[in-house]
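Let me begin by presenting the structure, written as structure tokens, before commenting on it.
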Amino acid sequence: MLSPHEIATLLLAAASLGPIDADALEPPDLAALEQARLVHVAVDEGQTKVSVTEDGHRVLRRLGLERSGGERMEAPRLATTAAQRAEPDMKEVASEGAGTPEAS
1 MLSPHEIATL LLAAASLGPI DADALEPPDL AALEQARLVH VAVDEGQTKV SVTEDGHRVL
61 RRLGLERSGG ERMEAPRLAT TAAQRAEPDM KEVASEGAGT PEAS
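Written out as structure tokens, the structure is:
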């Protein structure tokens, strides 16, 4: 099972257009991802580069964080309007008024 930090590290590596510099990622999380074979770490011209393996992409797809073509999905957004935000307040006002006797 991956920790939230490892998932975030995997997502950062997958979000780059190519191999990402290993210095941009946390070493313990990167080591765990490499051990699980979710990323590949390679040294090229003295720089350590990280790329996501097919297994890493598969994990992201199962988590709903990536589409089948390797394309990341957009995070869901909560769209609330002023009326929706005011709705709970209106319910409180209505419930307060329900218990009071009406004057005739």
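Under the UniProt record's numbering, the first residue of the sequence shown carries the number 1, and numbering increases by one thereafter.
Even glycine gets a Cβ: it sits at the ideal position worked out from N, Cα and C.
All values derive from a computational prediction rather than experimental measurement.
Residue i, DSSP secondary structure in three states
i	result
P76	At P76 the pLDDT is 49, less than 50, meaning the model places this residue with poor confidence; the figure from the coordinates comes in the next sentence. Reduced to three states, the DSSP call for P76 is coil.
A13	helix
E6	helix
S104	No answer about S104 holds up, because its pLDDT of 49 lies below 50 and its placement is not dependable.
Within 8 Å, strictly: CB atoms of residue i and residue j
i	j	result
E26	H5	yes
V52	A8	no
S68	R62	no
A22	V50	yes
8 Å contact criterion, which residue i and residue j should meet: CB distance rounded
i	j	result
L30	G56	At roughly 12 Å, the Cβ-Cβ gap does not stay under 8 Å, so L30 and G56 are not in contact.
L11	L65	6 Å
Span of the alpha helix (DSSP H), counted from its first residue to its last, around residue i
i	result
A31	P27 to Q35
Residue span of the beta strand (DSSP E) that contains residue i, given as start and end
i	result
D44	V39 to D44
T48	Q47 to V52
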